[in-house]
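> The structure is given below, and queries will be raised subsequently.
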Amino acid sequence: MKRIALSLAGLGAIVLVVGCRMGPNYKRPVIANSPASFRGITAPDIQQAPGATPLGAQKWNTVFTDPVLQELIAEAIKNNYDVKIAADRVLEQQAQLGITRAAQFPTLSLGGTFTASGGNNTSGSSSTTNSGTSSSSTTGNHQYGGITASAAWNLDFWGLYRRQTEAQRAYLRATVWAQQATYSTLVEDVATDYYELRTLDAALEVTKQTREARQRTLDLTKTLQRGGNDTLADVKQAEELLYAAEANIPDYERQIEQQENQLALLLGRNPGAVKRGWAIADTPHPVAVPVGLPSELLERRPDIRRAEELLVQANANIGAAKAQLFPQFSLSGEGGTSSSQLKALLDSKNFYYEAYGSVSQQIFDGGKLRNNLRYYRAQDQEYIDTYQQTIAGALRDVSNALIAYTKTREYREKQEAQVASATVAVRLADVLYRGGSTSYLQVLTSEQTLYSAQLSLATAQQQEALSLVTLYNVLGGGW
Numbered sequence: 501m502k503r504i505a506l507s508l509a510g511l512g513a514i515v516l517v518v519g520c521r522m523g524p525n526y527k528r529p530v531i532a533n534s535p536a537s538f539r540g541i542t543a544p545d546i547q548q549a550p551g552a553t554p555l556g557a558q559k560w561n562t563v564f565t566d567p568v569l570q571e572l573i574a575e576a577i578k579n580n581y582d583v584k585i586a587a588d589r590v591l592e593q594q595a596q597l598g599i600t601r602a603a604q605f606p607t608l609s610l611g612g613t614f615t616a617s618g619g620n621n622t623s624g625s626s627s628t629t630n631s632g633t634s635s636s637s638t639t640g641n642h643q644y645g646g647i648t649a650s651a652a653w654n655l656d657f658w659g660l661y662r663r664q665t666e667a668q669r670a671y672l673r674a675t676v677w678a679q680q681a682t683y684s685t686l687v688e689d690v691a692t693d694y695y696e697l698r699t700l701d702a703a704l705e706v707t708k709q710t711r712e713a714r715q716r717t718l719d720l721t722k723t724l725q726r727g728g729n730d731t732l733a734d735v736k737q738a739e740e741l742l743y744a745a746e747a748n749i750p751d752y753e754r755q756i757e758q759q760e761n762q763l764a765l766l767l768g769r770n771p772g773a774v775k776r777g778w779a780i781a782d783t784p785h786p787v788a789v790p791v792g793l794p795s796e797l798l799e800r801r802p803d804i805r806r807a808e809e810l811l812v813q814a815n816a817n818i819g820a821a822k823a824q825l826f827p828q829f830s831l832s833g834e835g836g837t838s839s840s841q842l843k844a845l846l847d848s849k850n851f852y853y854e855a856y857g858s859v860s861q862q863i864f865d866g867g868k869l870r871n872n873l874r875y876y877r878a879q880d881q882e883y884i885d886t887y888q889q890t891i892a893g894a895l896r897d898v899s900n901a902l903i904a905y906t907k908t909r910e911y912r913e914k915q916e917a918q919v920a921s922a923t924v925a926v927r928l929a930d931v932l933y934r935g936g937s938t939s940y941l942q943v944l945t946s947e948q949t950l951y952s953a954q955l956s957l958a959t960a961q962q963q964e965a966l967s968l969v970t971l972y973n974v975l976g977g978g979w
């Protein structure tokens with residue numbers, strides 16, 4: 501037994517020393533025309549900021565400072581089903597890596613047998629002798645035992661199993677980056693749905709305030725009509741405006757409840773109400789946004805990192821496919837001991853062993869192995885193109901997000917100015933109408949303009965908040 505073990509170990513050590521690894525070693529592709537900065541860095545508060553922590557590298561609870569939103573994101577990370585599924589997939593690939601890596605090592609097995617028989621056996625046979633006829637019988641106990649050990653090792657002379665392990669390890673890392681992307685997407689989705697919910701809340705509040713204002717206008721119009729200073733047509737127009745506002749209320753309430761259900765799903769809850777925090781108008785925004793450098797995206801964005809790990813996997817698969825073209829070597833051996841007496845089972849004279857090696861070379865397979873190599877080379881090129889496409893898409897995403905962050909702020913500021921102007925116009929029209937200096941048409945037009953401007957302002961505030969959410973996500977934040 502010792503001799504066979506030493507022989508296998510010695511030959512295996514030689515293989516490990518002189519064995520090679522087929523195929524190219526991975527090198528990150530050169531990114532052509534990589535920009536030095538992002539397009540869209542135009543506003544004073546959007547900075548390249550090479551010395552500051554980039555927005556994408558900041559923790560989500562420092563970017564989103566609404567305490568309720570922070571609670572919701574933390575709850576989603578804990579309970580969301582997509583996050584749980586992503587974690588399950590990582591565990592699956594960790595186990596698969598262990599399975600793949602095991603092919604590099606020998607397999608050992610140990611077995612034993614024991615047989616016992618006994619009893620009193622009278623056969624009834626007879627024999628004739630000079631003294632007469634006699635019968636024969638046997639009585640006794642018999643025992644037999646044996647221990648057998650066997651070993652087998654497929655030698656990784658060309659690096660087949662090492663390349664397969666390398667490929668699986670890269671796929672595990674790709675799965676981990678997919679998990680990080682799930683976290684990032686979840687943070688973005690929760691923040692997006694929350695801000696959309698707060699925007700609907702704001703629209704509902706504006707609509708209720710508009711209904712109250714129009715109710716007061718209707719009451720005034722009826723009073724003036726009874727005094728002969730207004731017409732029935734003016735009253736009906738006031739009623740029409742009131743009913744239009746009232747009709748919008750249940751529609752907003754429907755949208756709010758459906759949005760709550762959508763948010764509850766992300767939180768891992770059953771459909772139900774969702775806690776509120778700051779109003780959409782009170783949502784703060786960073787005074788300065790350090791976006792970092794384009795080169796940092798290669799290390800930060802989960803989708804880019806995952807695309808690169810898939811490229812590493814494809815590169816390793818080329819080596820594995822190439823190794824299959826060469827002869828495959830294996831060692832095996834068996835040894836053990838056997839005896840008809842258990843107490844003599846471990847005596848050296850009862851030991852035996854044998855060892856042998858084999859080599860096999862595929863002579864004809866219809867081009868299977870050659871085409872297998874061609875397949876993985878083509879896949880490697882595909883993943884190179886995918887990797888570069890992912891980087892180009894990331895640069896586009898960041899540029900679009902920077903432009904949106906700047907322009908949505910400008911849009912919100914203009915909408916605030918419009919609301920302020922429309923509010924004054926409504927107040928002046930009301931005063932003139934009460935004094936008989938203008939028609940009800942002027943009041944009607946002013947109120948409609950104000951209501952539309954207030955709803956547009958809520959949407960502008962939402963777009964500004966979401967532009968920060970998107971910018972944070974595309975810079976690789978959220979995990």
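Counting from 501, one number per residue, gives the positions in the sequence shown under the numbering used here.
We put the CB at the ideal spot given by N, CA and C, even for glycine.
Just so you know, these numbers come straight off a predicted model, no measurement behind them.
#1: Which same chain residues, not among the five before or five after residue 948, have their C-beta less than 8 Å away from its C-beta?
#2: On the premise that residue 745 lies in contact with residue 726, defined as a C-beta separation below 8 Å, what is that separation, rounded to the nearest angstrom?
#3: So, helix, strand or coil for residue 658, using DSSP?
#4: Between residue 958 and residue 902, what straight-line distance do the alpha-carbon atoms span, to the nearest angstrom?
#5: Go through the segment 568-601 residue by residue and report every complete run of the alpha helix (DSSP H) that reaches 4 residues or more, in order.
#6: Mind checking who residue 564 pairs with in its DSSP beta bridge?
#7: Span of the alpha helix (DSSP H) holding residue 926?
#8: Give a single yes or no on whether residue 785 has its beta carbon closer than 6 Å to a heavy atom of the ligand HEM.
#9: According to the neighbour-count rule (16 or more other Cβ atoms, all chains shown, within 10 Å of its Cβ), is residue 822 buried or exposed?
#10: Please go through the same chain and pick out, in chain order, the residues whose beta-carbon is closer than 8 Å to the beta-carbon of residue 912, but skip the five residues on each side of it.
#11: In angstroms with no decimal places, state the Cα-to-Cα distance between residue 668 and residue 587.
#12: Give the straight-line distance between the Cα atoms of residue 862 and residue 616, rounded to the nearest whole angstrom.
#13: Throw me the rounded Cβ distance for the residue 663 and residue 816 pair, which I believe falls under 8 Å.
#14: Go through its chain and collect everything with a Cβ distance to residue 966's Cβ below 7 Å, but skip five positions before and after it.
#15: Assign residue 613 to buried or exposed, taking buried as 16 or more other Cβ atoms, counted over all protein chains shown, within 10 Å of its Cβ.
#16: Can you list, in chain order, the residues of its chain with a C-beta nearer than 6 Å to that of residue 859? Leave out the 5 residues immediately preceding and following it.
#17: Roughly how many whole angstroms lie between the Cα atoms of residue 677 and residue 978?
#18: Taking buried to mean at least 16 other C-beta atoms within 10 Å of its own C-beta, is residue 530 buried or exposed?
#19: DSSP beta-bridge partners for residue 609?
#20: Could you give the uninterrupted runs of the alpha helix (DSSP H) lying entirely in the segment 687-767, keeping only those of 4 residues or more?
#21: Count the other C-beta atoms from every protein chain shown that fall within 10 angstroms of the C-beta of residue 984, then say buried if there are 16 or more, exposed otherwise.
#22: Please report how far the alpha carbon of residue 554 lies from the alpha carbon of residue 581, in whole angstroms.
#23: Report all residues from its chain with a CB closer than 8 Å to the CB of residue 578; omit the five preceding and five following residues, and keep chain order.
#24: Hey, how far is the Cα of residue 773 from the Cα of residue 765?
#25: Mind checking who residue 678 pairs with in its DSSP beta bridge?
#26: Flag this pair as yes or no: are the beta carbons of residue 556 and residue 754 separated by less than 7 Å?
#27: Pick helix, strand or coil for residue 977, following the three-state DSSP scheme.
#28: Following the continuous beta strand (DSSP E) through residue 831, name the residue where it begins and the one where it ends.
#29: Within a Cβ cutoff of 6 Å, which residues of the same chain sit near residue 606, ignoring the five residues on either side of it in sequence?
#30: To which residues of the same chain is residue 749 closer than 8 Å at the C-beta, ignoring the five residues directly before and after it?
Straight from the coordinates:
#1: 741
#2: In this structure, residue 726 and residue 745 do not form a Cβ contact; the two beta carbons are roughly 24 Å apart against a cut-off of 8 Å.
#3: coil
#4: 21 Å
#5: 581-601
#6: Beta-bridge pairing links residue 564 to no other residue.
#7: 868-934
#8: Questions concerning the ligand HEM fall outside what the structure shown contains, since it holds no ligand whatsoever.
#9: buried
#10: 957, 960, 961, 963, 964
#11: 17 Å
#12: 48 Å
#13: 5 Å
#14: For residue 966, same chain residues with a beta-carbon under 7 Å away, outside a window of 5 residues either side, are 692, 695 in chain order.
#15: exposed
#16: 827, 829
#17: 12 Å
#18: exposed
#19: 650
#20: 732-766
#21: Nothing about residue 984 can be read from this structure; the chain reaches only from 501 to 979.
#22: 29 Å
#23: 768
#24: 12 Å
#25: Paired residue(s): none; residue 678 is not in a bridge.
#26: no
#27: coil
#28: Per DSSP, residue 831 belongs to the beta strand (DSSP E) from 828-839.
#29: Within the same chain, 651, 653 come within 6 Å of residue 606 by CB-CB distance, once the 5 residues on both sides are set aside.
#30: 704, 707, 708, 711
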